[in-house]
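Colleague: Take a look at this one; I'll ask things after.
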Amino acid sequence: MADRYSLITSGMLVRRSCFLTVPRFRTDFFVDWVDNDFCLKLRRSGVRVVLDRSTRLPHSIGDGHTHRLLFWKVRVLRYAPWRRYWIARNGLILFRENAAAFPGWGLEYVLYMARTVVTMAAFGPDRLTHLRAFGTGLAHALSGKVAARYLPSGTLYDGDVPPS
């Protein structure tokens with residue numbers, strides 16, 4: 010067992026009592042960072058977030074590709090541009106809300122986002138489209154906007170109200 014700041018929600022077990030004291034999953038995130046937000050809320054309320062290392066759950070996150078960089082193998086996850094937007098937007102919002110309370114998590118976030126940008130720029134297909142989506146997501150995290158063009162086809166946002 011190991012304490013964590015957050016875990017992915019796939020395969021997560023949560024005591025029923027936690028849902029009585031902690032706000033549920035936020036709908037404004039739509040996708041990406043929803044699980045981090047929930048886990049950080051649990052931690053703020055004094056609940057431990059624990060990884061059971063003996064449990065294995067096969068789960069795929071993105072389309073993974075391995076690249077060689079000198080002596081290292083670099084594993085890169087590829088996503089559609091709309092996912093890059095939401096990763097950037099929701100991640101920065103969550104960082105602004107939680108980095109002061111959880112500086113260790115904040116450092117993990119900064120390192121993750123830096124690695125994301127570097128691997129996207131170095132190894133990603135259609136780099137400019139993906140970097141533009143990521144940059145727009147960061148800008149919208151600061152401005153409070155949401156871009157309808159970054160919603161997957163057939164998706165409505167936050168209570169079935171299309172964004173402007």
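When you read off a place in the sequence shown, starting at 1, and then add 9, the result is the number in our numbering. The beta carbon of each residue, even a glycine, is placed where N, CA and C say it ideally should be.
Just how far apart, CA to CA, sit residue 142 and residue 94?
Modeller: Start at 1 with the first residue of the sequence shown, and residue 142 comes out as number 133. Start at 1 with the first residue of the sequence shown, and residue 94 comes out as number 85. In a straight line, the C-alpha of residue 142 is about 5 Å away from that of residue 94.
Colleague: Please specify which runs of the alpha helix (DSSP H), each continuous and at least 4 residues long, are wholly inside the segment 102-147, giving them in chain order.
Modeller: Runs found: 112-132.
Colleague: What first and last residue would you give for the beta strand (DSSP E) that runs through residue 82?
Modeller: Here residue 82 refers to the residue found at position 73 of the sequence shown. Counting along the chain, the beta strand (DSSP E) containing residue 82 begins and ends at 81-87.
Colleague: Could you give the DSSP three-state label for residue 77: helix, strand or coil?
Modeller: Numbered from 1 along the sequence shown, position 68 holds the residue referred to as residue 77. Here residue 77 sits in strand by DSSP.
Colleague: Check whether the Cβ atoms of residue 83 and residue 76 sit closer than 7 Å, and answer yes or no.
Modeller: Here the question's residue 83 lines up with position 74 in the sequence shown. Here the question's residue 76 lines up with position 67 in the sequence shown. In contact: residue 83 and residue 76 (Cβ atoms closer than 7 Å).
Colleague: Residue range of the alpha helix (DSSP H) that residue 7 falls in?
Modeller: Because the chain spans 10 through 173 in this model, residue 7 falls outside it and cannot be assessed.
Colleague: Can you find the residues in the same chain that come closer than 7 Å, C-beta to C-beta, to residue 35, ignoring five residues on each side of it along the sequence?
Modeller: Along the sequence shown, one-based indexing puts residue 35 at 26. The residues are 43, 46.
Colleague: Let's see if you can read the secondary structure: which residues bound the alpha helix (DSSP H) around residue 30?
Modeller: One-based indexing of the sequence shown puts residue 30 at position 21. Note, residue 30: alpha helix (DSSP H), 27-30.
Colleague: Exposed or buried, residue 65, counting other C-beta atoms within 10 Å across all chains shown (16 or more means buried)?
Modeller: Translated into positions along the sequence shown, residue 65 becomes position 56. When all chains shown are included, residue 65 counts as exposed.
Colleague: Applying the 10 Å Cβ sphere with the 16-neighbour rule, what's the burial state of residue 50?
Modeller: Position 41 of the sequence shown, counted from the start, is the residue given in the question as residue 50. Counting Cβ neighbours within 10 Å, residue 50 comes out buried, since at least 16 surround it.
Colleague: How many Å lie between residue 144 and residue 123 at the Cα?
Modeller: On the sequence shown, position 135 is the one that residue 144 refers to. On the sequence shown, position 114 is the one that residue 123 refers to. C-alpha separation (whole angstroms): 13 Å.
Colleague: Among the residues of its own chain, which have a CB less than 8 Å from the CB of residue 11, if the five just before and after it don't count?
Modeller: As a first step, residue 11 must be located in the sequence shown, where it is residue number 2. So the qualifying residues of the chain are 59, 60, 62.
Colleague: Among 130, 24, 15, 157, which one has its Cα closest to the Cα of residue 91?
Modeller: By one-based count along the sequence shown, residue 91 stands at place 82. If we check each option's Cα against that of residue 91, 157 comes out closest.
Colleague: How about residue 108 and residue 100: are their beta carbons less than 7 Å apart?
Modeller: Looking up residue 108 in the sequence shown gives position 99. Looking up residue 100 in the sequence shown gives position 91. Cβ distance not < 7 Å, so residue 108 and residue 100 don't count as in contact.
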